[in-house]
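Trainee:
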Amino acid sequence: MKIAVTGATGLIGGAVVKHLRSQGHEVVPLVRTALCEEPHIYWNPSHRELEAGKLEGMDAVIHLAGESIAGLRWTREKKKRILKSRVQGTRFLCQALAAMARPPKVLLSASAIGYYGDRPATEEVDENSPKGRGFLAEVAEAWEAAAEDARASGIRVVNMRIGMVLSNQGGAFPKMLYPFKWGLGGKLGSGRQPVSWVLLDEIPHVVSHLLEKEVCAGPVNVVSPAAVTNCDFAKAVADALGKPAKFHVPAPLVRLALGQMGKELLLGGCRVLPRVLLQTGYVFRYPELAPALTHLLGR
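In full-length UniProt numbering, the protein residues as written are 1 to 299.
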């Protein structure tokens with residue numbers, strides 16, 4: 001296949017591009033600088049600039065670009081950038097795809113399980129569950145709605161609702177490891193909040209599955225089928241490192257230090273089931289947390 005990818009240099013994008021190329025696909029990144037040496041497609045959604053002609057005849061487009069939600073706090077400006085980068089970029093790209101004479105057959109567009117908001121640990125959600133509350137839920141809803149032009153034009157659109165990505169190459173996980181390496185790890189808040197996770201190494205295989213399975217359309221949860229509580233997650237990380245997990249960070253301290261970001265990302269969560277992937281025959285390589293951490297941490 002000939003596949004265009006936005007966000008190709010990001011944590012997920014880099015892993016996806018490497019995997020697809022190893023499978024023999026031709027992958028062309030969309031980049032924001034015309035000085036890129038490898039074959040590429042220039043785009044700048046903020047200025048509505050795109051070499052649309054180079055997208056003609058692509059078999060698929062994978063859209064992963066967006067402002068990181070990580071940071072010390074979600075200031076008003078940070079929240080604006082998070083929302084704008086996802087909605088503006090997605091809408092601009094999808095309008096361009098919809099206007100093509102030879103559009104791609106499929107668009108895989110990133111989203112997040114933040115769509116479901118904060119749910120009790122006993123409540124399981126899947127792709128048919130309603131939207132939750134909070135900033136991340138509002139962002140995910142607007143993010144997915146921004147792909148409507150592509151969907152309306154007949155392109156098969158998959159909204160990949162990605163969970164917490166575990167990787168030692170970047171993202172939030174290496175930062176989370178620091179206190180555990182010093183024996184200072186432990187639960188956050190009550191520890192009962194669900195953690196729906198996915199290993200970075202799993203995601204490229206999920207992408208290949210979604211490209212091939214034409215029955216997959218609309219929201220697809222990209223998470224392991226074995227969500228855990230924050231308390232169990234902390235214990236599993238500590239065990240993988242051979243360290244204790246006796247420390248506890250109270251919820252008020254998390255909210256004081258990190259504000260709304262800490263409340264939604266660290267003290268909230270939901271138990272997400274990847275029902276579409278399971279029903280369409282996807283077999284997880286890392287379905288359980290302990291073996292996944294062993295693989296990740298090389299122990």
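The C-beta atom is built at its ideal place from N, Cα and C for all residues, glycine as well.
(1) Sorted by chain position, which residues of the same chain lie with C-beta nearer than 8 Å to Ala217's C-beta, five sequence neighbours on each side aside?
(2) For Val283, list the residues DSSP reports as bridge partners.
(3) Nearest to Gly170 by alpha carbon, out of Val272, Leu11, Glu144, Met1?
(4) With a Cβ-Cβ cutoff of 7 Å, do Ala112 and Ile162 count as a contact?
(5) Tell me, to the nearest whole angstrom, how far the beta carbon of Ala236 is from that of Leu289; I am working on the premise that it is less than 8 Å.
(6) For the candidate residues Val17, Ala257, Asn168, whose alpha-carbon lies nearest to that of His25?
(7) If we ignore side chains and look at the alpha-carbon of each, how far apart do Leu72 and Phe173 end up?
(8) Classify residue 340 as buried or exposed, calling it buried when 16 or more other Cβ atoms lie within 10 Å of its own Cβ.
(9) For Gly185, which residues from the same chain have a beta carbon less than 7 Å from its beta carbon, with the 5 sequence-adjacent residues on both sides left out?
(10) Nearest CA to the CA of Gln193: which residue from Glu264, Tyr115, Val222, Ala257?
(11) When we look at the beta-carbon of Leu97 and count the other beta-carbons within 10 Å, is it buried (16 or more) or exposed?
(12) Give the single residue among Thr229, Val106, Leu136 whose Cα lies nearest to the Cα of Lys213.
(13) Please identify the residue among Ser22, Gln95, Val198, Met176 whose C-alpha is closest to the C-alpha of Ala150.
(14) Is Gly218 helix, strand or coil when you go by DSSP?
(15) Taking the beta strand (DSSP E) that Ile162 falls in, what are its first and last residues?
Mentor: If we stick to the structure as given:
(1) Answer for Ala217: Arg156, Val157, Val158, listed in chain order.
(2) Val283 is not bridged to any residue.
(3) Leu11
(4) yes
(5) 5 Å
(6) The residue with the shortest Cα to Cα distance from His25 is Val17.
(7) 15 Å
(8) Because the chain here runs from 1 to 299, residue 340 falls outside it and cannot be looked at.
(9) Pro179, Ala234, Val237, Ala238, Lys243, Ala245, Phe247
(10) Glu264
(11) buried
(12) Per the C-alpha coordinates, the member of Thr229, Val106, Leu136 positioned closest to Lys213 is Val106.
(13) Gln95
(14) strand
(15) First-last of the beta strand (DSSP E) with Ile162: 156-162.
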